[in-house]
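These protein sequences, in sequence, are chains A and B.
When you line the first sequence up against my numbering, it's residues 1 to 261, in that order.
When you line the second sequence up against my numbering, it's residues 1 to 260, in that order.
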Amino acid sequence: MLVKESIAIPALKTKLAVENVSVTFKRDGKNMPVLENINLEVRDGEFICLLGPSGCGKTTLLNAMAGFLSPTSGEIQVDGEAVRGPDSRRIFVFQERGVFPWLTVEGNIGFGLFKLPRVERERRIAHYIKMVGLDGFEKAYPHELSGGMKQRLEVARALAVDPDMLFLDEPFGALDSITRLVMRGELLRIWEAERKTIIFVTHDIDEAVQLADRVVVMSARPATIQQIVEIDVPHPRDISSPHYLELRDGIFRQIGLAHQI
Amino acid sequence: MISLAEPRKWEKLFWPILTLGLFLALWHASVIWTATKVFPSPREVEKGMAELLRHHVLWGDIWDSLRRVAIGFSTAALLGIPFGLALGWYPAANQVVNPVMQIMRPISPIAWIPVSIILFGVGDNAAIFLIFLGSFFPIVVACINGVSNVPSVYRRSGRNFGLTAPQLLRRVIFPAALPQILVGLRIALGIAWLVVVAAEMIAVDSGLGYLIIDSRNSGKRYDLVVAAILLIGAIGLVLDFGFRRLEKLKPVRWGFRNES
Numbered sequence: 001m002l003v004k005e006s007i008a009i010p011a012l013k014t015k016l017a018v019e020n021v022s023v024t025f026k027r028d029g030k031n032m033p034v035l036e037n038i039n040l041e042v043r044d045g046e047f048i049c050l051l052g053p054s055g056c057g058k059t060t061l062l063n064a065m066a067g068f069l070s071p072t073s074g075e076i077q078v079d080g081e082a083v084r085g086p087d088s089r090r091i092f093v094f095q096e097r098g099v100f101p102w103l104t105v106e107g108n109i110g111f112g113l114f115k116l117p118r119v120e121r122e123r124r125i126a127h128y129i130k131m132v133g134l135d136g137f138e139k140a141y142p143h144e145l146s147g148g149m150k151q152r153l154e155v156a157r158a159l160a161v162d163p164d165m166l167f168l169d170e171p172f173g174a175l176d177s178i179t180r181l182v183m184r185g186e187l188l189r190i191w192e193a194e195r196k197t198i199i200f201v202t203h204d205i206d207e208a209v210q211l212a213d214r215v216v217v218m219s220a221r222p223a224t225i226q227q228i229v230e231i232d233v234p235h236p237r238d239i240s241s242p243h244y245l246e247l248r249d250g251i252f253r254q255i256g257l258a259h260q261i
Numbered sequence: 001m002i003s004l005a006e007p008r009k010w011e012k013l014f015w016p017i018l019t020l021g022l023f024l025a026l027w028h029a030s031v032i033w034t035a036t037k038v039f040p041s042p043r044e045v046e047k048g049m050a051e052l053l054r055h056h057v058l059w060g061d062i063w064d065s066l067r068r069v070a071i072g073f074s075t076a077a078l079l080g081i082p083f084g085l086a087l088g089w090y091p092a093a094n095q096v097v098n099p100v101m102q103i104m105r106p107i108s109p110i111a112w113i114p115v116s117i118i119l120f121g122v123g124d125n126a127a128i129f130l131i132f133l134g135s136f137f138p139i140v141v142a143c144i145n146g147v148s149n150v151p152s153v154y155r156r157s158g159r160n161f162g163l164t165a166p167q168l169l170r171r172v173i174f175p176a177a178l179p180q181i182l183v184g185l186r187i188a189l190g191i192a193w194l195v196v197v198a199a200e201m202i203a204v205d206s207g208l209g210y211l212i213i214d215s216r217n218s219g220k221r222y223d224l225v226v227a228a229i230l231l232i233g234a235i236g237l238v239l240d241f242g243f244r245r246l247e248k249l250k251p252v253r254w255g256f257r258n259e260s
């Protein structure tokens with residue numbers, strides 16, 4: 001495993017800026033505020049986890065960042081430019097539900113590469129198949145793969161177009177707990193190799209603290225940012241070290257949960 | 001063996017053949033018991049079938065029926081698939097066309113026979129037009145449903161990778177809707193095979209439908225009538241079986257089984 005000794009030193013450049021963003025949905029003629037006055041700056045190459053209870057609006061914020069939804073007020077900027085819609089430089093990864101069942105593993109990974117010449121396309125497909133460990137499954141269809149393999153396939157499809165940013169919406173939520181742990185390790189390994197800016201939505205406190213440079217703790221709806229916790233523990237993280245536990249328990253308290261069951 | 005309900009290999013063949021044998025025996029017995037002079041026994045039907053084959057009219061009739069179905073059905077598919085995809089893609093257009101289609105859809109194509117004969121005269125085209133009408137609407141409806149049932153994650157993924165609208169339609173919407181479109185095509189082919197027999201009884205003087213009417217009119221040859229009926233059933237079965245093979249192809253198979 002390729003693992004760096006020290007904590008990642010993020011570039012100081014701001015990659016993504018969320019400025020006073022509010023989102024209100026209309027339901028049955030009533031206004032329902034989902035996000036309230038969100039402000040967040042994400043640095044280039046940073047790994048951010050959005051953490052909050054189910055249904056709090058994390059996914060709404062992620063959709064707005066990815067350009068699938070325009071905020072009711074406020075603005076989201078990437079590289080200083082306002083986000084106007086989805087863009088192939090910023091890929092959204094849906095659990096594993098986003099892989100196309102009518103395409104093979106190769107076909108899925110090559111899906112976004114239609115503008116590249118054939119040789120380059122094939123090189124990238126081979127590279128990312130290897131990176132996510134799907135060698136030997138090039139001609140397999142998604143229904144022949146396990147949940148974890150489909151998840152890796154979707155991540156590979158996203159990485160193949162060489163995006164600056166990845167948006168991951170509870171990507172490992174549907175996996176069993178062992179596969180989930182393996183996938184976290186895989187994601188960190190890929191992130192360390194490729195240095196993409198990653199925004200990762202989860203409701204799992206341990207997952208957030210294991211992965212992120214910073215954990216953005218969100219409140220219940222209408223969601224506001226309660227606290228941003230810097231996880232200054234180098235990878236690979238010792239998840240029984242006192243400092244790690246201190247950070248984790250701090251978040252448990254912040255969310256209002258006792259850490260003993 | 002995991003399941004006790006799993007039939008053994010010989011059982012898979014044995015029971016259907018036994019049922020078929022019992023059916024033929026019952027048929028034969030009924031003909032004898034009722035002492036009917038009209039309805040033929042299985043043995044007579046077999047002789048009738050052999051006679052049809054000897055006189056070489058049968059192959060011509062089968063060919064004519066299949067040709068009419070092929071032309072009518074493929075015209076319906078060629079026009080119906082793009083039309084249905086477009087309506088599914090533009091829900092606003094669908095709302096405009098939908099009332100008319102809902103009225104047209106439940107009308108049996110048989111009801112159009114007089115209109116068809118006025119438009120095309122007695123002949124091939126009248127029959128083909130009826131087959132077209134019968135298969136067009138199921139195909140269009142399947143395409144509309146297929147497109148509107150495409151999960152939004154697929155559309156969003158497609159847009160995320162920078163696809164233009166025509167690319168999205170070709171590379172995401174169409175393949176995602178294809179299993180449902182295939183189901184529609186299979187239903188339409190079944191209807192086409194029903195309609196061709198009815199159309200041939202009235203609008204033309206060849207084909208399996210004509211063979212039935214002609215056998216009755218020229219000397220009440222009910223052995224030939226029943227032989228033709230059985231043949232129609234057998235060919236319909238083969239057509240359906242052939243179409244089901246398409247559903248086993250890998251790029252569409254995901255739509256026909258519980259995804260694991």
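Quick reminder that beta carbons are idealized off the backbone N, C-alpha and C, glycines included.
Note that the coordinates shown come from a computational prediction; the quantities given were computed from them, not determined experimentally.
Simplified DSSP assignment, three categories, for residue i
{"i": "Phe68 of chain A", "result": "coil"}
{"i": "Lys196 of chain A", "result": "coil"}
{"i": "Ala203 of chain B", "result": "coil"}
{"i": "Phe111 of chain A", "result": "helix"}
{"i": "Ser157 of chain B", "result": "helix"}
{"i": "Ile225 of chain A", "result": "strand"}
{"i": "Leu16 of chain A", "result": "strand"}
{"i": "Ile107 of chain B", "result": "coil"}
{"i": "Gln151 of chain A", "result": "helix"}
{"i": "Ser73 of chain A", "result": "strand"}
{"i": "Ser65 of chain B", "result": "helix"}
{"i": "Leu2 of chain A", "result": "With a pLDDT of only 48 at Leu2 of chain A, under 50, the local geometry of the prediction cannot be trusted, and the value read off the model is given with reservation. If DSSP states are grouped into helix, strand and coil, Leu2 of chain A belongs with coil."}
{"i": "Thr24 of chain A", "result": "strand"}
{"i": "Cys49 of chain A", "result": "strand"}
CB contact below 7 angstroms: residue i versus chain A
{"i": "Ser157 of chain B", "result": "yes"}
{"i": "Trp89 of chain B", "result": "no"}
{"i": "Gly146 of chain B", "result": "no"}
{"i": "Pro99 of chain B", "result": "no"}
{"i": "Lys248 of chain B", "result": "no"}
{"i": "Val153 of chain B", "result": "yes"}
{"i": "Thr254 of chain B", "result": "Here the sequence assigns Trp to residue 254 of chain B, which means Thr is not the residue at that position. Cβ-Cβ to chain A under 7 angstroms: yes for Trp254 of chain B."}
{"i": "Asn160 of chain B", "result": "yes"}
{"i": "Pro251 of chain B", "result": "yes"}
{"i": "Glu259 of chain B", "result": "Its pLDDT being 42, under 50, Glu259 of chain B is placed unreliably by the model, and the measurement read from it follows with that caveat. It does: the Cβ of Glu259 of chain B has a partner Cβ on chain A nearer than 7 angstroms."}
Member of the options whose CA lies at the smallest distance from the CA of residue i
{"i": "Glu192 of chain A", "options": "A:Ser54, A:Asn63 and A:Pro234", "result": "A:Pro234"}
{"i": "Asn160 of chain B", "options": "A:Phe47, A:Ile255, A:Ala66 and A:Asn37", "result": "A:Ala66"}
{"i": "Met131 of chain A", "options": "A:Glu120, A:Leu103 and A:Ile190", "result": "A:Ile190"}
{"i": "Val97 of chain B", "options": "B:Ile110, B:Ile144, B:Leu239 and B:Ser218", "result": "B:Ile144"}
{"i": "Asp164 of chain A", "options": "A:Gln210, A:Phe100, A:Asp87 and A:Glu230", "result": "A:Asp87"}
{"i": "Glu194 of chain A", "options": "A:Glu75, A:Leu159 and A:Gln95", "result": "A:Leu159"}
{"i": "Ser148 of chain B", "options": "B:Ile191, B:Phe136, B:Asp240 and B:Asn94", "result": "B:Asn94"}
{"i": "Ala76 of chain B", "options": "B:Phe132, B:Leu58 and B:Ile103", "result": "B:Phe132"}
{"i": "Phe252 of chain A", "options": "A:Met218, A:Ser241 and A:Leu145", "result": "A:Met218"}
Beta carbon proximity, residue i to chain B, threshold 7 angstroms
{"i": "Tyr141 of chain A", "result": "yes"}
{"i": "Gly98 of chain A", "result": "yes"}
{"i": "Pro71 of chain A", "result": "no"}
{"i": "Pro92 of chain A", "result": "It is worth fixing the name first, because residue 92 of chain A is Phe in this sequence and not Pro. With 7 angstroms as the cut-off, Phe92 of chain A counts as an interface residue toward chain B."}
{"i": "Pro86 of chain A", "result": "yes"}
{"i": "Gly112 of chain A", "result": "yes"}
Residue i burial status per 10 Å Cβ neighbour count (16 or more: buried)
{"i": "Ser215 of chain B", "result": "buried"}
{"i": "Ala29 of chain B", "result": "exposed"}
{"i": "Ser65 of chain B", "result": "buried"}
{"i": "Val18 of chain A", "result": "buried"}
{"i": "Lys196 of chain A", "result": "buried"}
{"i": "Thr164 of chain B", "result": "exposed"}
{"i": "Ser102 of chain A", "result": "Looking at the sequence provided, one finds Trp at residue 102 of chain A rather than Ser. It is buried - the Cβ of Trp102 of chain A has at least 16 other Cβ atoms within 10 Å."}
{"i": "Ala199 of chain B", "result": "buried"}
{"i": "Asn31 of chain A", "result": "exposed"}
{"i": "Arg68 of chain B", "result": "buried"}
8 angstroms contact criterion, which residue i and residue j should meet: CB distance rounded
{"i": "Glu36 of chain A", "j": "Ala220 of chain A", "result": "About 11 angstroms; that fails the 8 angstroms criterion."}
{"i": "Leu113 of chain A", "j": "Val161 of chain A", "result": "7 angstroms"}
{"i": "Arg248 of chain A", "j": "Ile205 of chain A", "result": "7 angstroms"}
{"i": "Leu169 of chain B", "j": "Leu85 of chain B", "result": "7 angstroms"}
{"i": "Gly134 of chain B", "j": "Val195 of chain B", "result": "4 angstroms"}
{"i": "Thr202 of chain A", "j": "Leu40 of chain A", "result": "Actually they are not in contact, since the Cβ atoms of Thr202 of chain A and Leu40 of chain A sit about 16 angstroms apart, beyond 8 angstroms."}
{"i": "Leu153 of chain A", "j": "Val78 of chain A", "result": "With a Cβ gap of about 26 angstroms, Leu153 of chain A and Val78 of chain A do not count as contacting."}
{"i": "Ile76 of chain A", "j": "Ala64 of chain A", "result": "6 angstroms"}
{"i": "Val197 of chain B", "j": "Leu208 of chain B", "result": "6 angstroms"}
{"i": "Ile262 of chain A", "j": "Ile125 of chain A", "result": "The question about residue 262 of chain A has no answer here: the residues shown for chain A are numbered 1 through 261."}
Where residue i meets chain E, residues with beta-carbon distance less than 9 angstroms
{"i": "Ala176 of chain B", "result": "The structure shown contains no chain E; its protein chains are A and B."}
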